[in-house]
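Q: First residue of the sequence shown: 1, per this note's numbering; consecutive thereafter.
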Amino acid sequence: MNQPILQVSGLKTYYRTRLKENVFAVDGVEFGLKEGQTLGIAGESGCGKSTLALSLMGFYFPPLHYSSGSIRINGTDIMQLNKEQLRSRVLGKEIAYIPQAAMNALNPTLRIIRFIEDIMKEHRPEMKRSDVRKMATERFQSLNLSPDVLDMYPNELSGGMKQRTVIAISTILNPNVLIADEPTSALDVTSQKAVIRLLKDLLKRKVIKSLVFITHELPLLYHVTDEIMVMYAGEIVERGTAEQMIFNPLHPYTRKLMGSIIVPEEGMKEHKLAAIPGAPPNLKNVPEGCRFAERCTLVTDECRQGKIENIHVDGRIYRCLLTPEMLEQIREQEQDGHVEQEAVNEESQESEQNQEESGLNKEDVRDVRADTDDIADQ
């Protein structure tokens, strides 16, 4: 059976505050990633997505600290390696990272070719500069990027071109795993599509073997990833196929997240746009039970007591006390309520239309009703 390239088990990482308090931004995360697979990670700002990305890369610099758990890439637990081993054996070769706002990460005083030369000097010092340029030229051409870019400075490139260039640089050593953190943010639609095409092309050409795509835009993940994992307050609350997560989410938080989407996917049922009330819990003092309890409309007293275990169903997992049968019953009740509300709305619209046809506006109707009430009182 195809073994995971990346296997994360019980990972806990935290930020140490100035007041010596620990904030567990990643708390007990577990998942695996196989060759050829694309995994999306979604959740609102502050849920731990980007911290998870940094943790997977072994970027533990204060205030971020490692607590426990393992991160295995092709069987090697990178948490058992020292910084020198991590840099020479893992980073760039086994796993690569595209940070948020990567287009602004390039040193504006260096030509693009210099970034690639520096990587090769670290990992393949025997390569001649002419060979490095030849390899970089071939790679850029294969990814539909002009080789002329190699001799340009970052400020000479557009935002979309800079992002694609960063991706090409990050994958120059053909890493097994590429972590892309919000790679399409701050880009126009055309540039977003170009970046997504490039990432898919990297997988197709096996320049990379697997992809972790982090974003807060759930519909985007439907077009890019095979599976989606939703984070909330440092935990994974649900994971399933892209289709399951978009069209049939189970966890109450995932369902609320889908309800807050402005532009729903084709095939999704129409819904009223709704924000999620409240705020995530303070991770310096995590409450017992479900971390979404204070914002959940389905909460019970039991939700606030003890650890909430994962439920496994149809190849997916979600962290909740509600069984699939209970959730389906709730969904049916919500749909019935939606139908009833639609009927009320239609009746109201029909009444307003009849009033307009009779020459009365809303103010006229209110005046007539007020006069009628006065007569009735006399």
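Backbone N, C-alpha and C fix where the C-beta goes; we use that ideal spot for every residue, glycine too.
Identify whether Q7 lies in helix, strand or coil by the three-state DSSP scheme.
A: On the sequence shown, residue 7 is found 7 positions in, with the first residue counted as 1. It is a strand residue.
Q: Please classify E217: does DSSP put it in a helix, a strand, or coil?
A: By 1-based counting over the sequence shown, the position of residue 217 is 217. E217: coil per DSSP, three-state reduction.
Q: Looking at the structure shown, is H223 part of a helix, part of a strand, or coil, going by DSSP?
A: The count along the sequence shown starts at 1 and reaches residue 223 at position 223. In this structure, H223 counts as helix in the three-state DSSP scheme.
Q: Have a look at R205, S260 and E235 and flag the residue whose alpha-carbon is nearest the alpha-carbon of E217.
A: Working through the sequence shown from its first residue, we reach residue 217 at position 217. It is S260.
Q: Within 10 angstroms of its Cβ, does H251 collect 16 or more other Cβ (buried), or is it exposed?
A: Here residue 251 refers to the residue found at position 251 of the sequence shown. Classification of H251: buried, given that the 10 Å Cβ count is 16 or more.
Q: Given this structure, state the Cα-to-Cα distance separating E235 from M120, to the nearest angstrom.
A: Within the sequence shown, the letter at position 235 stands for residue 235. Within the sequence shown, the letter at position 120 stands for residue 120. Those two C-alpha atoms are separated by around 37 Å.
Q: Threshold first: 3 residues or longer. Then list the beta strand (DSSP E) segments lying entirely within the segment 283-331, N to C.
A: Here the runs fully enclosed are 310-313 and 316-319.
Q: Checking 8 Å against the spacing of the C-beta atoms, do V177 and E94 come in under that value?
A: Taking the first residue of the sequence shown as 1, we reach residue 177 at position 177. Taking the first residue of the sequence shown as 1, we reach residue 94 at position 94. Yes, the Cβ-Cβ distance between V177 and E94 is below 8 Å.
Q: State whether the segment 165-185 contacts the segment 195-210, with contact taken as three or more CB pairs (one from each stretch) at a distance under 8 Å.
A: Yes: at least three Cβ pairs fall under 8 Å.
Q: How big is the Cα-Cα spacing for E288 and K307?
A: Locating residue 288 in the sequence shown gives position 288, counting from the first residue. Locating residue 307 in the sequence shown gives position 307, counting from the first residue. Going from the Cα of E288 to the Cα of K307 covers about 7 Å.
Q: Give me, in chain order, the residues of the same chain whose beta-carbon lies closer than 6 Å to that of E309; leave out the 5 immediate sequence neighbours on both sides.
A: Here residue 309 refers to the residue found at position 309 when the sequence shown is read from its first residue. None.
Q: Counting only beta-carbon atoms, is H251 nearer than 8 Å to chain C?
A: No chain C appears in this structure, which consists of one protein chain only.
Q: My parser needs the alpha helix (DSSP H) runs of 4 or more residues fully inside the segment 151-182; what are they?
A: You should have 159-170.
Q: Which whole-angstrom value is the C-beta distance of F213 and G40, which I expect to be below 8 Å?
A: Start at 1 with the first residue of the sequence shown, and residue 213 comes out as number 213. Start at 1 with the first residue of the sequence shown, and residue 40 comes out as number 40. Going by Cβ atoms, the distance from F213 to G40 rounds to 5 Å, so yes, they are a contact pair.
Q: Buried or exposed: where does P63 fall if 16 or more other Cβ atoms within 10 Å of its Cβ makes it buried?
A: Looking up residue 63 in the sequence shown gives position 63. Label assigned to P63: exposed.
Q: Could you check where the beta strand (DSSP E) with H251 kicks off and where it finishes?
A: Taking the sequence shown and counting its residues from 1, the one referred to as residue 251 is at position 251. Looking at the DSSP string, H251 is not in any beta strand (DSSP E), and its letter there is neither H nor E.
Q: Less than 8 Å between C-beta atoms, sequence neighbours within five positions excluded: which residues of the same chain meet that for F24?
A: Within the sequence shown, residue 24 is the residue found at index 24, counting from 1. The answer, listed in chain order, is K12, T13, Y14, S67, G234, L283 and V286.
Q: Below 8 Å between beta carbons: does that hold for Y97 and S170?
A: For the purposes of this step, residue 97 is taken as residue 97 along the sequence shown, with counting starting at 1. For the purposes of this step, residue 170 is taken as residue 170 along the sequence shown, with counting starting at 1. For Y97 and S170, yes; Cβs fall inside 8 Å.
Q: Between M79 and S70, which are expected to be in contact by the criterion C-beta below 8 Å, what is the C-beta distance as a whole number of angstroms?
A: In the sequence shown, the residue the question calls residue 79 occupies position 79. In the sequence shown, the residue the question calls residue 70 occupies position 70. Yes, they are in contact, since the Cβ atoms of M79 and S70 sit about 6 Å apart, within 8 Å.
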